[in-house]
Amino acid sequence: MNHNKQNIARLSSLFMIFLFITLPLASALEISNVQATQITDTSAVISWKTDEPADTFVGFGTTKTTLEKKGDSSKLTTHEMPLFDLKPKTEYFFNVESGTTTDDNAGKFYSFETKAPDTTAPEVELEFPKMIAGNQLTLKGSTELGATATIYVDGNQAGIALAKKLDETAGKEYKHPGIFTFTGIILQNNKENTVKVEVADPSGNKASLEAKIFSDTNKPVITMGKVPSLSGDTSYKIEATVSEEVSYEITVNNKSVKKGEGKTISETISLKEGKNDVHIIATDKAGWEVVEKFSISADTKEPTVKFKIAKGNEYYQGSAESSISGTTEAGAKVFLYIYRPTTIEFNPDFSKAWMETTANDKGEFTFEEVNFESQPISLKSLAPKQVPQGLQKVTLQPVAQAGAIQRQTSHIYVIAEDQSGKTGYQQATVSINSCFSGESVFQVNSITQFQAPLRLNPQLMDEGREVATAVFNFSYSGTASPVIDPTTGNEIEPAFKITDVRFEPACTQGMLKDEDTKLGCNILPRTTMPVPNNDRTAYMLTYNLKSSETLSKKESGYWDEFKKRQIMFPLKITVSYQERESVTTGNVLGSTTTAHYGTKKTQVSCQQLGYFVDIPVDSSEYIPDWLADEGIATTTYVSEKIEAILPILEKTILVTGVGCITSFIGRIGFRFARIFTSKMEVIQSKAAVFAGTKKENQDDCPLNQEDLILESTRADWEKIQSSLTGPSASKVDLTNQDNTLDKRCPATAKLWKAEAAFDQAYRWSCDRVLCRPAPAAWTASAEKKDVDIAVLSQEQCTVTSRGIPLVKVENCQNMITKSATITLGAEALRLKSEGTFTCY
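Under our numbering, think of the first position of the sequence shown as 242, with each following residue one higher.
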């Protein structure tokens, strides 16, 4: 009876352990390629590799039982640990340790034997300079690895360095593997210093090298006369002296042209046309380098001038304005002159330029907004020192009366003066069509209220089908008088008679390309048939505009489009007319006055017709017509349906909420019932085994039910067993139908199924009521690595089905001490230091 009570007590205590967390098996760190290299009589290097970064520790000694430990905590995969102060001709045993893994060659330990005592002096590779620039010496040499190098200056110790191994790239230029370096060794200024380097290897063998080194702290000084900034020749002789013996090099425009040695420099260099940058580089024996720089420009040719008038060579009065750009010699002063012929012959004196500018480093110059009709006002005397030879006797021929000609020619001269005073020039002419005449008796006005359309249609303009109309009125303001009937006061004959009116585009070739005028000039027809009124004082014009650039597409912002769509049509209007003249005839007894019209006269004027092209509308930016027409009715219909379905939704949510609460409570109830039943069923099963009605480990209900699966699960897994391989393969015998939870623990199996059903109902109902998002809301702000960890842990949730449940273990510190493959975290190390603790 007491024995049964003890069994029941033992079983009851085991029932209190429940396993909720499983951990994947930790794989131990692997150590490979352990070896001892670079063995000398007192040193050796132990090396090995690991499959992941870990620290480096070596235990070594002359016996296997007493090992001295040496290491480095740096995380590496290739490990090297040098050992020094070893005994000659002695066998050493060692093991290596990285992380928590120790490799001692399966208990046999690794070993090596040091060489016999070294009595040979170390070889030293070192070069001493004869002179150094400054008083700080840097030396670098090679010898045996681990040797100690000591430097002495005039018998005084100045530094110690250890010969270390460098990487393969840095060590290729040296003969020996141990590299030592001395930096910042102070020498006495401007005198010869005795420098000695003594090298002692680990065995105490010594070798030394000695040399005389001069410390030069004074840089060489170059002295030369004043260098002219401008030369009229293509060569220049450099005369200079240097404070000490140097080797020198002369470069012109970064190209080496002369080299030599000595304390004096006397060299003739060739110069190219234009600016030349000259450098004299002097280097003394100590390595000091000084550079003397100067620039000299060679100018042997007259500057050439080329220019272009931006808007062409033809203009109309009132708009004769353009920029002039060109090229000449870099840095030259450029002068602009414009002369118009008069009624007498004259010679331009070029004493006052219209404008002046300076060419840039590339020889480019520009005169902005030059008005060919009006000379700008300037108080400065703008003129070159010398007028070019070809312009000193230039003559402009006379022209007819200025008011009588309809086309004037202006002569443009651009003179460039370089830094040496030489000048060059280019000339051109521009034609200015007259918009005025000597007789101006009519005021020509456009009547805006008759100008149509209000906005030009861009689609019609693209297709060349747009029509523009305008009306011009001619108001007489001359001195002629009409004939008036004295009795009625009515006009019998007008004071003037308009015989003809011509409307022509006032466009030039330059205006056809200029951004401001090209659109209007290109689409305006060359001719039109004006329709006059009865007395020919008003004319209506109709223009069938030509096809334009793409104006039906909106390509930029509203303001840019607004500026782009203002079109100006320049017109030249020529009016032919006659004025009434009075003629008196008669004799001494009386006189008679008769009237007739005089000779035909012409008046010329220019006008600008302005129009605006409509900005196209992008229909996609606005609400479609069908939506505007039917949107209100559709919105009303949808609102009514929502109001009708809301009560149904409320009832559905209420029912689902009740189901959520019911399933939640039911799931908890069945869970506790399952736990209690599983314990009681084990007790009953043990009693049945004791009574002999059941066989232990065959048909009884075991304490550890983790290895048992439901019959439905076994049947499903048996069907897909062939596709489960490797770690995914089940460790349960799927062919044994009796070894299932349904057979061995039937009551617990039924409660498992009931709990699963309530859990499914809970997830279906509560997910709807609580509006849980999928994927989970926390993933929206989480890092990808955190989401991947969660997915991996969920994928490993079936680890218990493979027979790897967690088991509680007391006194874990003893197990950790016995096993060298267990990796300890920071928390485990803390618990271990405190004493006894529990683990799984």
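We put the beta carbon where it would ideally sit given N, CA and C, even for glycine.
**OP:** Rank G719, V655, D395, C942 by C-alpha distance to the C-alpha of T918 and give the top, closest one.
**Re:** C942
**OP:** For T877, I'd like the list of residues in its chain whose CB is within less than 8 Å of its CB, leaving aside the five on either flank, ordered along the chain.
**Re:** none
Original post:
Nearest-angstrom Cα distance between M770 and E756?
Top reply: 28 Å
Original post:
Based on Cα-Cα distance, which residue from L982, Q844, S675, E871 lies nearest to S718?
Top reply: Nearest C-alpha to S718 among L982, Q844, S675, E871: Q844.
Original post:
Hey, how far is the Cα of E309 from the Cα of N336?
Top reply: 10 Å
Original post:
DSSP three-state call for C901: helix, strand or coil?
Top reply: Look at C901 here: in three-state DSSP terms it is helix.
Subject >> With 16 other Cβ atoms within 10 Å as the buried cut-off, status of L895 >> reply: exposed
Subject >> Reference Q279; option with closest CA among E533, A594, S288 >> reply: Checking every option, the nearest Cα to that of Q279 belongs to S288.
Subject >> Closest by C-alpha distance to S226, when choosing among F298, D326, F325, G302 >> reply: Residue numbering for the chain in the displayed model covers 242 to 1081; residue 226 lies beyond these limits and cannot be assessed.
Original post:
Which two residues bound the contiguous alpha helix (DSSP H) that contains P702?
Top reply: The displayed chain sequence assigns Met, not Pro, to residue 702. Here the alpha helix (DSSP H) through M702 covers 699–704.
Subject >> C-alpha distance - E922 paired with A1031, whole-angstrom precision >> reply: 36 Å
**OP:** In angstroms with no decimal places, state the Cα-to-Cα distance between G375 and T304.
**Re:** Going by the C-alpha atoms only, they are around 56 Å apart.
**OP:** Pull up the DSSP beta-bridge partners for T342, would you.
**Re:** Note: T342 sits in a beta bridge opposite S339.
Subject >> Test item: CB-CB of R777 and P746 under 8 Å >> reply: no
**OP:** Specify whether the region 699–709 and the region 606–616 touch according to this definition: at least 3 beta carbon pairs, one from each stretch, less than 8 Å apart.
**Re:** Below 8 Å, too few C-beta pairs join the region 699–709 and the region 606–616 to call them touching: fewer than three.
**OP:** Have a look at E952, T670, I454 and flag the residue whose alpha-carbon is nearest the alpha-carbon of K552.
**Re:** For the residues E952, T670, I454, the minimum Cα distance to K552 belongs to T670.
Subject >> Cα-Cα separation, T424 to E570 >> reply: 54 Å
Original post:
Can you give the Cα-Cα distance for I1045 and D1027, rounded to whole angstroms?
Top reply: With a pLDDT of 49 at I1045, under the threshold of 50, the modelled position of that residue is not reliable, and no figure is offered here.
Original post:
Exposed or buried, what is P987 when buried is set at 16 or more other beta-carbons lying within 10 Å of its beta-carbon?
Top reply: P987 is exposed by the Cβ-count criterion.
Original post:
If we call anything under 8 Å between Cβ atoms a contact, is T355 one with T281?
Top reply: Judged by beta-carbon spacing, T281 lies within the 8 Å limit of T355, meaning their Cβ atoms are closer than that value.
**OP:** Look at the alpha carbon of S880 and the alpha carbon of W1019, and state the distance between them as a whole number of angstroms.
**Re:** Answer to the nearest angstrom: the Cα atoms are 34 Å apart.
Subject >> Close Cβ partners of A277 (< 6 Å) along its chain, the five nearest in sequence each way excluded >> reply: A285, I287, F353
Original post:
Which term fits E822, buried or exposed, when burial requires 16 or more other beta carbons within 10 angstroms of its beta carbon?
Top reply: exposed
Subject >> Whole-angstrom distance between Q667 and E586, CA atom to CA atom >> reply: Distance from the CA atom of E586 to the CA atom of Q667, rounded to whole angstroms, is 22 Å.
Original post:
Alpha carbon to alpha carbon, what distance is there between S472 and S511?
Top reply: 11 Å
Subject >> CA nearest to the CA of S560, picked from K738, N459, P811 >> reply: Comparing Cα-Cα distances from S560 to each of K738, N459, P811, the minimum goes to P811.
Subject >> Coarse secondary structure for G907, derived from DSSP in three states >> reply: helix
**OP:** Can you tell me which of the three DSSP states G312 falls into?
**Re:** strand
Subject >> Which of helix, strand or coil DSSP assigns to N612 >> reply: strand
Original post:
For the beta strand (DSSP E) that contains T193, what are its first and last residues?
Top reply: Nothing can be reported for residue 193: it is not among the residues displayed for the chain, which extend from 242 to 1081.
Subject >> Cβ contact (3+ pairs, closer than 8 Å) linking the region 414–423 and the region 377–393 >> reply: yes
Subject >> Inter-residue Cα distance where the pair is M242 and F931 >> reply: Because M242 carries a pLDDT of 49, less than 50, the predicted location of this residue cannot be relied on, and the following value inherits that uncertainty. Each residue's alpha carbon lies about 12 Å from the other.
**OP:** Would you list, in sequence order, the uninterrupted alpha helix (DSSP H) runs of no fewer than 4 residues that lie entirely inside the region 917–965?
**Re:** 952–960
**OP:** Please confirm whether S672 and R648 have their CB atoms less than 8 Å apart.
**Re:** yes
Original post:
Can you tell me whether T283 is buried or exposed, with buried defined as 16 or more other CB within 10 angstroms of its CB?
Top reply: Buried, by the Cβ-count rule.
Subject >> CB-CB length for S456 against K432, believed under 8 Å >> reply: The Cβ separation is near 7 Å, so the contact holds.
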